[in-house]
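Colleague: Let me begin by handing over the structure; questions about it come next.
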Amino acid sequence: MIAFEDHLGISDAFKKKILETALSRGGDFAEIYAEYRLYTSIYMEEDIIKETAESVSLGVGVRVISGEKTGYGYTNDPAIDSITSAALTAASIADSGKTVSLPVFRKIQPPEDRYPLARPVHLATLEDKIEIVKRGYLACQKSDPKIKKVKVLFQDHVQFVSVVNSEGWEAEDARPQMRLVCTAVAEKERRKELGFSGGGGRVGLEYFEQTLSPERIGLEAAEEALLLLEAVEAPAGEMPVVLAPGHAGVLVHEAVGHLLEADFNRQKTSIFWDKLGKPVGSPLLTIYDDPTRPSFRGSYNIDDEGTPPSKTLLIDRGIVHSFLQDRLSARLMGRPLTGHGRRQDYTCIPIPRMSNTYVDAGRDDPEEILRSVTKGIYAEKFEGGQVEDSGKFTFSISAGYLIEEGRLTAPIKQATLIGTNIDILQKIEKVGADLTFGLQTGTCGKDGQEVPVTDGCPTIKISKMTVGGQS
Amino acid sequence: MTEGPKGPSLLDLAESVVRSGKACGADEIEATVSDGREFSVDVRRGQIENLVEAGSRGLSFRVIKDKKTAHAATSDLQEETIARLVRNAVSRAALGSPDEYAGLPHLSSEKVDIPSLRLFDPEVSGLEPARKIRLALETERIALGDKRITNSHGASFITNEVTTVLAGSNGFLGSYDQTFCSLSVGLQAGDTDERVEDYWVSVDRFFKNLEPPETVAKKAVERTVRQLNPRKIRTQTVPLIFEPDMTDWLMGFLFSCISAVAVYQKTSFLAGRQGERIGNENVTVVDDALMPGKLGSRPFDSEGVPCRKTTVFDRGVLRRYLSNTYAGRKLKLPTTGNSDGGGVGPNNFFLVPGTFSPHEMIASMDRGLILTRTIGHGLNPVTGDISRGAFGLWVEAGEITFPVSEVTIAGNLGEILSQIEMVGNDLDFRSPVCGPTIKVGALTVAGE
């Protein structure tokens, strides 16, 4: 176990001792999570490699669950006393006098490795990575004289995670992660616009030759900025909205995904808590969350509680099928584990989270979907969204088009769309056959914890939604 | 300079990193060590849900060699790890490009008197866990006592103690201790499919200044129930009143546009406009690090530059961008003591309050919307464009008539600043980036 033994010097006997200390006040469940992470980043701007950075994150978190209560202590000091003290802090949540005897540890093996790498990024030289940054930068800058500013950021890390718990589970994961993002500013007659693109995932450097080249990423950022120079104000009011395949998955992430996370439903704050098995949306709508997709940014071999994850059906033809579970919620709700207990790092308690969330392909022809709209908008790129437990959600378009008489016409400036999920899910009129995933660069925030995710969807038509433009 | 209980050993660590950087061949090096102690308790429906207590340390540093910069950070403070990171940083710097603007600031002879800033409350560090738990339980209990409240997101009490130490090869050595505490509760009202939600948080450096459970609960309840039975409205252009929290995010967006980093990078619509009139005469914006006890106060910035008060907008005219040393050199401006990590950050950055009470401002409005909450993204510093999901209260003939939900607002920051008609007297510094209630001429509200 790399994080335990190689970096923290924690032996099997000491693991047992920490778990015993953690359960000394009578908790139901105890767990040790250890993490060792190595990061690098390279930043290019004003035609020079301006900064490089390297960082190390090392720490241990000890968790105790007693009934519905969680106690948590963590430390980045590998000294025995510090880890023991974290265990005592976590232990203090319980007061039952119950004694638990620890079973023999058994290794939890995920069925397959989801990060097939040819050229692991953390073993590559900095020179190789700098070369990739420069390729993206130059492609963006040289694409058009109107591109006045380019910024390229490359980030990678490898995260070694070890988990052991009082049920005898022992699991580990070594997760690579990488992304290259490019920002472009285009300028024409005092008007300035921003374009963005990127790529990455749990991949090796071969990604840039086989899947998406740095040049393509640079060009896409430039193209978006140039397109926005010609954009008109987005309209304001209710109208049909067609979601482009790919990036628009953020709508499903916000409108549906978060509110199917088990904690919100166990606590009955989510609008979905009493809707398991009930229809909430159009029968055309099927949604999955799948942490097992190879190489995806949101994927993992085990979750941050050591559970091997499974592809989870969330909405089955409009009907709520299941919630995204972590250990605590699964036990309290009497549901099976789905492997969605994630945490930002060792300082955080794991909570139910999404991984790679997407709308399954439907049967409609994307061209046909466009032709069915007389006047509306086509939402193509997104900068993010937000949802409340009440089901009100927004997402912001960074690029899109007007649809007039079934055709895309003028590009539109940024606009925010707002709706209530159950209302909007029922207004899904058409689902295309063209399932696509968005950029492999996204991060999702919940309770102050950031984790990597991706979203995807085919072309989707929503019959009516409030668009917040200015004209 | 004050030294916390851990001060001496942290100072030694920071100085030893600077020494070893120089020994490895760095021309300049600057090391920051932070030591934090965190306590947080979340309670929900009368029970503890999560209890977290921990201490952690971190080191970060940057080296400059031949005008090339490399950064590093670690939470692993074992000697061999630090030695390796220092060596790596010096050799990694060689792979960067020379940048004539890179480097540490010159050592200033000025010093801010740290005790007078009142950053540290010994009472916060001495609070018994049982008392903190009781405060959270009490707050939630009072809130749930209101019949209109149907569910709880829970109440939390959080304390943080942080020691910050900075040492530089330019001769700077400094440290300070600070405390924060907060009490909050989040609530829902209404039936399952028609529910509304909001929260309230009181936050301060000093425990005695924290709002008591009754106040936190009452404000959270009021903010939640006032949204019950909302209506949608037609798409229209109307005057808007921003409640203080809403002015806060507007000021946060303004900060990102007057940051000297965004300005030299040309990613702000306010780049190249210093000296120009941007807002009307009601817009005076200040960044002031030296206000005793305030959340954004600090004696020196992350480069060891003494912090100060800077007027950013003076009656509508853009006077100064806020800067660190690097962006300042690029723009040929002195640093304003706003260095924060690798970039530029606010100290206490606020819109100077006016004389109107919120009540007077509402009474002055014939028809319009009081903006109470926004959700989503939709801020573009390059253009100043704003587009967000919004919630609010509809005003007719100077009186609040009904809550509004599921609308969006859209406008442009420059245009908003030029049409701020009234500025409130209710600035409360609950956030380091803040403002009072304001009334704005007209914005597009998209609804049905």
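If you're matching them up, the sequences are chains A and B in order. Everything in the first sequence is counted per my numbering, starting at 496 for the first residue and increasing by one. Everything in the second sequence is counted per my numbering, starting at 382 for the first residue and increasing by one. Every residue gets a Cβ at the ideal spot worked out from N, C-alpha and C, and that includes glycine.
#1: Could you pull out every residue in the same chain whose Cβ sits closer than 7 Å to the Cβ of B:Pro739, ignoring the five residues on either side in sequence?
#2: Evaluate B:Pro594 with the Cβ neighbour count: other Cβ atoms within 10 Å of its Cβ, from every protein chain shown; 16 or more gives buried, anything less gives exposed.
#3: Taking Cβ-Cβ distances shorter than 7 Å, what residues in chain B pair up with A:Val962?
#4: Could you work out which residue in A:Lys646, A:Ala874, A:Leu503 is closest to A:Ile544 when comparing CA atoms only?
#5: Which two residues bound the contiguous beta strand (DSSP E) that contains B:His534?
#6: Tell me whether A:Ala613 is buried or exposed, calling it buried when 16 or more other Cβ atoms sit within 10 Å of its Cβ.
#7: Excluding five sequence neighbours on each side, which residues of the same chain lie with their C-beta closer than 6 Å to the C-beta of B:Glu509?
#8: Among B:Gly779, B:Asn431, B:Lys589, whose alpha-carbon lies nearest the alpha-carbon of B:Pro620?
#9: Is DSSP giving A:Asp623 helix, strand or coil here?
#10: Which term fits A:Pro640, buried or exposed, when burial requires 16 or more other beta carbons within 10 angstroms of its beta carbon?
#11: Could you check whether A:Gly663 and A:Phe600 sit closer than 9 Å to each other, using their CB atoms as the reference points?
#12: Can you list the residues of chain B that A:Asn571 reaches, using a CB-CB cut of under 8 Å?
#13: Below 6 Å CB to CB, which residues in the same chain sit around A:Ala487 once its five sequence neighbours on both sides are set aside?
#14: Pick out whichever of A:Gly964, A:Glu924, A:Ala666, A:Val557 has its Cα sitting closest to the Cα of A:Thr906.
#15: Whole angstroms are fine: how far does the CA of A:Met734 sit from the CA of B:Thr531?
#16: Could you have a look at B:Phe783 and say whether DSSP puts it in helix, strand or coil?
#17: Taking only the alpha-carbon atoms, compute the straight-line gap between A:Glu878 and A:Gly741 and give it to the nearest angstrom.
#18: Can you tell me whether B:Asp626 is buried or exposed, with buried defined as 16 or more other CB within 10 angstroms of its CB?
#19: Assuming B:Thr618 contacts B:Ala823 (C-beta within less than 8 Å), just tell me the rounded distance between them.
#20: Taking the DSSP output, what are the residues bridged to B:Lys690?
#21: For the candidate residues B:Lys600, B:Lys711, B:Glu460, B:Leu798, whose alpha-carbon lies nearest to that of B:Glu657?
#22: For a contact meaning CB atoms closer than 9 Å, what does A:Phe818 contact in chain B?
#23: Looking at chain A, is there any beta carbon in it that lies within less than 9 Å of the beta carbon of B:Gly388?
#24: Can you list, in chain order, the residues of the region 864-889 of chain A whose Cβ is nearer than 7 Å to any Cβ on chain B?
#25: By the DSSP assignment, the alpha helix (DSSP H) with B:His740 in it spans what residues?
#26: Quick check: what's the CA-CA separation for B:Val821 versus B:Arg604?
#27: Have a look at the DSSP bridge pairing and note the partners of A:Tyr534.
#28: So what's B:Ser472 in DSSP terms, helix, strand or just coil?
#29: For the candidate residues A:Arg532, A:Val680, A:Leu809, A:Gly568, whose alpha-carbon lies nearest to that of A:Glu540?
#30: Indicate whether at least one CB of chain B lies closer than 9 Å to the CB of A:Gly568.
#31: What are the start and end residues of the alpha helix (DSSP H) that includes A:Ser824?
#32: Output, in sequence order along the chain, the residues in the region 685-710 of chain A whose CB is closer than 7 Å to any CB in chain B.
#33: Just curious, the alpha helix (DSSP H) that A:Cys952 is in, first and last residue?
#34: Kindly indicate which three-state DSSP category A:His742 falls into: helix, strand or coil?
#35: So which of A:Trp768, A:Ile642, A:Asp608 has the shortest CA-CA distance to A:Ser885?
#36: With distances taken between CB atoms, is the gap from A:Leu723 to A:Gly690 smaller than 9 Å?
Modeller: The relevant details are as follows:
#1: Gly805, Asp807, Thr818.
#2: buried
#3: Ala827
#4: Relative to A:Ile544, the option among A:Lys646, A:Ala874, A:Leu503 whose CA is nearest is A:Lys646.
#5: 530-549
#6: exposed
#7: none
#8: B:Gly779
#9: Look at A:Asp623 here: in three-state DSSP terms it is helix.
#10: exposed
#11: yes
#12: Ser437, Arg438, Gly439, Ser456, Asp457, Leu458
#13: Here chain A covers residues 496 to 966 and nothing more, so residue 487 of chain A does not appear.
#14: Note that residue 906 of chain A is Pro in the sequence shown, not Thr. If we check each option's Cα against that of A:Pro906, A:Gly964 comes out closest.
#15: 34 Å
#16: strand
#17: Straight-line measurement puts the Cα of A:Gly741 at about 13 Å from the Cα of A:Glu878.
#18: Buried, by the Cβ-count rule.
#19: B:Thr618 to B:Ala823, Cβ: 5 Å. Contact.
#20: B:Asp669
#21: B:Leu798
#22: Per Cβ cutoff of 9 Å: no residues; A:Phe818 is ~16 Å from chain B at best.
#23: Residue confidence for B:Gly388 is low, a pLDDT of 48 falling below 50, so the modelled location carries little weight; the figure read from the coordinates is stated next. False, the Cβ-Cβ gap to chain A never drops below 9 Å.
#24: Glu878, Gly879, Gly880, Gln881, Glu883, Asp884, Ser885, Lys887, Thr889
#25: Counting along the chain, the unbroken alpha helix (DSSP H) around B:His740 starts and ends at 739-744.
#26: 22 Å
#27: A:Ser550, A:His652
#28: helix
#29: A:Val680
#30: yes
#31: 822-828
#32: Residues Lys687, Glu688, Leu689.
#33: For A:Cys952, no alpha helix (DSSP H) segment is defined; the enclosing uninterrupted segment is the beta strand (DSSP E) at 949-952.
#34: The DSSP-derived three-state label of A:His742 is coil.
#35: A:Trp768
#36: yes
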